[in-house]
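Residue numbers (my numbering): 486 to 944.
Don't be surprised by glycine CBs; every beta carbon is placed ideally from N, CA and C.
Below is one structure, written out as structure tokens, with a few remarks after it.
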Amino acid sequence: MNTSSYVQRFIRRTDALLQRHPRRLTAVVIALLLGTGVTAFGVVPLAPDAADLPRSIVTQSIMPAALDAQLQALETHALELYRNDLTRSSDTADSLLRRLGVDDPQAAAFLRTDAIARRLLEGRAGKMVQVLTHEGRLSQLVARSPAESDAQFSTHFTRLTLTRDALGLKTLSEQVPLASEAKLGSGTIQTSLFAAADESRLPEPVTAQLAELFSTDIDFRRELRRGDTFTVLYEALTADGEPITWNQASGRVLAAEFVNAGEVHDAVWFQEPGPGGKPKGGYFGLDGRSKNRMFLPSPMAFSRVTSGFKMRFHPILKSWRAHLGVDYGAPTGTPVRTVGAGVVDFAGRQGGYGNIVIIKHAGDRETRYAHLSQMSVRRGQKVEQGERIGAVGATGWATGPHLHFEFRVRGEHVDPMTIARKSEALTLSPASRSRFAEVAEAARVHLAAAPALAEASFE
């Protein structure tokens, strides 16, 4: 039988088997293939031993040719370092310099004896200190702290500089204007304005200004609603380019919007020339209506009401009595201002009021500021709205430092929180209206952008 006939018979038999037993034949074929694979793997020759392969070593020098010269130059190079820190209440000249990496007994002795240098460790802690050292020895020290004058607290800072020259150490103290940049913040009320502001990382002084700014439009004790929103553009203050550590690095509110129960209230700071060319600033709605009133809503720029105009249990007399004023909680020494222009009628000590200043205003109106630690005015003196008249204290019948504030009309006590809202508004001069329109439009653009910026910052 030739090969061709054999092949044909094999194909016919295979085809018949596939038709009668397709599954068995498929299994046999797969088994044969797997067995062949294993056999093939078993006979594949192994790779050669790495020890038998030829080896070669390549070397390359990475050492700079002039390394010795560079090392010698580094040895002769003067090493100057800058260090920064804040002063602490427990600091001495030695402990402060040690923390700043300064090893200089002469500088420490100078800080203890020089009249100007000693101010670094006097007064409140928290001064911003920067030193420049040369191999541990002091070359320069610069300290930045609040302005020495209360009137310049929000506009200037004190720069104390200690330098070393060929003649030795010398100091200089100067008052320098603060720089500012605009920042935006926004939030939604859930429980209170201050809680929402904290959640939005808004500085507390800015929150207090916001509350004061809209206090003639909104009663924050009674009318605040969950879901109310606010947006504020404010100054962030810096000293020589560094954010200040006092007043929470914030300055004046420049523009703001508050939506209360669906009603929109807005304001923008605008400054125009006053009498004698002296700038005169105030807040206005974006429509040009003044937010300034004849009376300010609070005798302190930054404060919180601790007791309102209502019945209360007297903490000293231990009985329920009508509280015919408003108490503001604040640390001793916090500046107190007059809420309106007038004449000082009394400044001295008076029974349970302790140190008290009484000011007479137009229209048979009178304001009283009690429990003061100090008084800055005298009887018969004329005062302007916002002028400092004293400082918070705990004199008289007081269980702690606070200001007791009263407002009387023709001898009758009235709720001070309602006076500012009802008092006469100041007006914008016609000559300034065109420039105000430009300022208002810029403020409107900034305030509209705040929600989008806030959303982007959390993405």
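Which residues DSSP lists as bridging residue i, in chain order
i              : result
glycine 726    : Looking at the DSSP assignment, glycine 726 forms no beta bridge with any residue, so it has no partner.
leucine 888    : Tyr813
histidine 856  : Histidine 856 is not bridged to any residue.
isoleucine 843 : Phe831 and Arg853
leucine 566    : Thr618
valine 691     : Beta-bridge pairing links valine 691 to no other residue.
histidine 641  : Pro662
aspartate 751  : Glu742
glutamate 757  : Lys765
Local conformation of residue i per DSSP, three classes
i                 : result
glycine 837       : helix
glutamine 625     : strand
proline 915       : helix
leucine 617       : strand
phenylalanine 715 : strand
leucine 802       : In this prediction, leucine 802 has a pLDDT of 46, which is less than 50 and means its spatial position is unreliable; what the coordinates show is noted afterwards. It is coil, neither helix nor strand.
asparagine 777    : coil
isoleucine 904    : helix
Proximity to residue i [Cα-Cα], best of the options
i              : options                           : result
alanine 651    : Phe642, Thr577, Ser624 and Ser574 : Ser624
serine 574     : Ile542, Ala554, Val924 and Ala610 : Ala610
leucine 771    : Arg644, Val749 and Ser634         : Val749
arginine 603   : Asp579, Gly586 and Ile729         : Asp579
arginine 822   : Gly837, Ser861 and Trp731         : Ser861
asparagine 569 : Gly837, Met613 and Ala682         : Met613
glutamate 742  : Glu633, Gly726 and Tyr768         : Tyr768
aspartate 576  : Phe595, Thr598 and Leu605         : Leu605
leucine 626    : Leu722, Thr730, Gly586 and Ala682 : Gly586
valine 744     : Gln733, Glu708 and Ala724         : Glu708
Same chain, Cβ closer than 8 Å to residue i, neighbours up to 5 away in sequence not counted
i             : result
glutamate 565 : Leu617, Thr618, His619 and Ser624
valine 930    : none
threonine 572 : Leu581, Leu605, Leu606, Ala610, Gly611, Lys612, Val614 and Ala628
Cβ shell of residue i (< 6 Å), same chain only, five flanking positions each side left out
i             : result
leucine 802   : The predicted position of leucine 802 is uncertain, since its pLDDT is 46 and thus under 50; a value taken from the coordinates is nonetheless stated next. Contacts found: none.
arginine 622  : Asp589
arginine 850  : Val894
glutamine 694 : Val738
glutamine 835 : Ile841
alanine 883   : His856
alanine 746   : Arg710
alanine 826   : Glu869 and Gln870
glutamine 866 : Val829
alanine 934   : none
Chain-order list of residues whose beta-carbon lies under 7 Å from that of residue i (same chain, five-residue window excluded)
i             : result
threonine 640 : Pro662 and Leu663
Indicate whether the contact test is met: 3 or more Cβ pairs, each with one atom in the region 808-825 and one in the region 863-879, closer than 8 Å. Yes: the two stretches touch, three or more of their Cβ pairs being nearer than 8 Å.
Mind the definition here: the region 743-755 touches the region 769-786 only if three or more C-beta pairs lie below 8 Å; say whether that holds. yes
Closer than 8 Å is the cut-off here; do at least three beta carbon pairs connect the region 881-891 with the region 852-865? yes
For the region 712-722 against the region 669-686, do three or more pairs of beta-carbon atoms, one drawn from each stretch, fall closer than 8 Å, so that the two count as touching? The answer is yes - the region 669-686 touches the region 712-722, with three or more Cβ pairs under 8 Å.
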